[in-house]
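Worksheet for the structure shown next.
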Amino acid sequence: MLRDPLSDNLAFLCSYYPSIASVCRRIGINRQQFNKYLSGQTVPSRRNMRRICDFFGVSESELLLDHRRFTEIAGLKRRPIAGDGPTEILTHIEELYRGSGDLGRYVGYYFRYFYSFGHAGKIIKCLAAIYERDGRYYWRSVERLKLDGRYGVKTSKYTGALFLLGDRIFALEYETLLKSSITQLILYPSYRTSLTFLIGVQTGMPLLRGRKPAASIVLLEYLGRSIDQRKALKTCGLYDDTDPMIDPSIRSMISNHVKPDSFVLETDEA
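For the sequence shown, the numbering used here begins at 108 and goes up steadily by one.
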């Protein structure tokens with residue numbers, strides 16, 4: 108009887124990480140359950156298969172290939188291109204920071220609003236922060252989505268770099284657990300004396316559903332440099348677009364419509 112290649116392919120992917128336990132923690136799958144996948148006793152559910160594929164950066168069809176063929180494909184994906192080592196990557200980031208303007212006035216906390224990529228017609232309200240360290244500016248964001256069913260509250264954390272380039276603010280973030288996608292925000296700077304809103308467009312994709320690249324208008328509502336973070340997080344979540352908890356003016360600003368005389372999604376300054 109031929110051995111199912113799935114278990115061998117999973118073991119090969121795990122060999123790139125310090126331990127099986129660290130892989131399970133990062134994917135969010137029970138260690139005992141994952142061991143059954145490795146031993147060939149059982150196969151992952153559709154949901155867990157998506158999570159595994161997203162984490163390792165492979166497709167389901169690739170993961171089910173003959174083991175020899177799979178190691179060739181997966182090995183190529185992890186093989187560094189000549190000259191593209193850590194030093195060169197850091198050089199690119201350094202060049203961006205060298206060209207970046209001062210973002211000091213934007214340091215602080217924000218509510219972030221946008222239509223969800225994974226939950227049609229729903230608005231996500233989450234807490235974001237811009238902070239400075241050693242002259243560089245960084246970004247972090249926390250989502251707390253109260254989902255129906257057994258999942259309860261799902262918390263996702265994002266972090267990344269922030270740049271002021273070409274009179275626009277760029278934020279590049281990734282989800283800190285799965286590290287399976289990058290979201291880019293492009294925001295208008297604010298020239299008002301009092302900072303209220305930053306608006307722009309963000310690109311990304313759902314973490315767990317569909318995996319279709321998407322774009323939406325995003326709005327940041329400035330809260331200040333010092334806030335009660337716990338209190339602010341309690342108001343975050345996934346809202347119907349008619350929910351009175353979302354101010355109608357904010358809802359109108361983040362509405363995604365391609366104008367009749369345009370062919371792409373764009374937004375004006377707030």
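Each residue gets a CB set at the ideal place from its N, CA and C atoms; glycine is no exception.
Cα-Cα separation between Lys229 and Arg175, rounded to whole angstroms: If I take the Cα positions, the gap works out to 44 Å.
Span separating the alpha-carbon of Pro187 from that of Ala322: With a pLDDT of only 49 at Pro187, under the threshold of 50, the placement of this residue in the model should not be trusted, and no figure is reported.
Whole-angstrom C-beta distance between Ile334 and Ile361, which should lie under 8 Å: Taking 8 Å as the upper bound for CB-CB distance, Ile361 and Ile334 are not in contact here, some 22 Å apart.
Spatially closest choice to Tyr245 from Tyr204, Leu284 and Val260, by CA coordinates: Nearest Cα to Tyr245 within the set Tyr204, Leu284 and Val260: Tyr204.
Length of the line joining the Cα atoms of Ser223 and Asp350: Going from the Cα of Ser223 to the Cα of Asp350 covers about 15 Å.
Simplified DSSP state of Phe141, which is helix, strand or coil: Note: Phe141 maps to helix in three-state DSSP.
Counterpart residues of Asp347 in DSSP-defined beta bridges: For Asp347, which the question treats as bridged, DSSP gives the partners Lys229.
Contact check, Gln309 vs Gln336, beta carbons under 9 Å: Their beta carbons are not under 9 Å apart, which means Gln309 does not touch Gln336 by this criterion.
Per DSSP, cross-strand counterpart(s) of Gln309: Answer is Leu292 and Ser323, bridged to Gln309.
Pairwise C-alpha distance: Pro151 and Gly215: Taken atom to atom, the span from the alpha-carbon of Gly215 to that of Pro151 is near 42 Å.
The alpha helix (DSSP H) enclosing Ile134, as first and last residue numbers: Under the DSSP assignment, Ile134 falls in the alpha helix (DSSP H) whose first and last residues are Ile127 to Ile134.
Endpoints, alpha helix (DSSP H) assigned at Ser114: Looking at the DSSP string, the run of the alpha helix (DSSP H) that includes Ser114 is Pro112 to Cys121.
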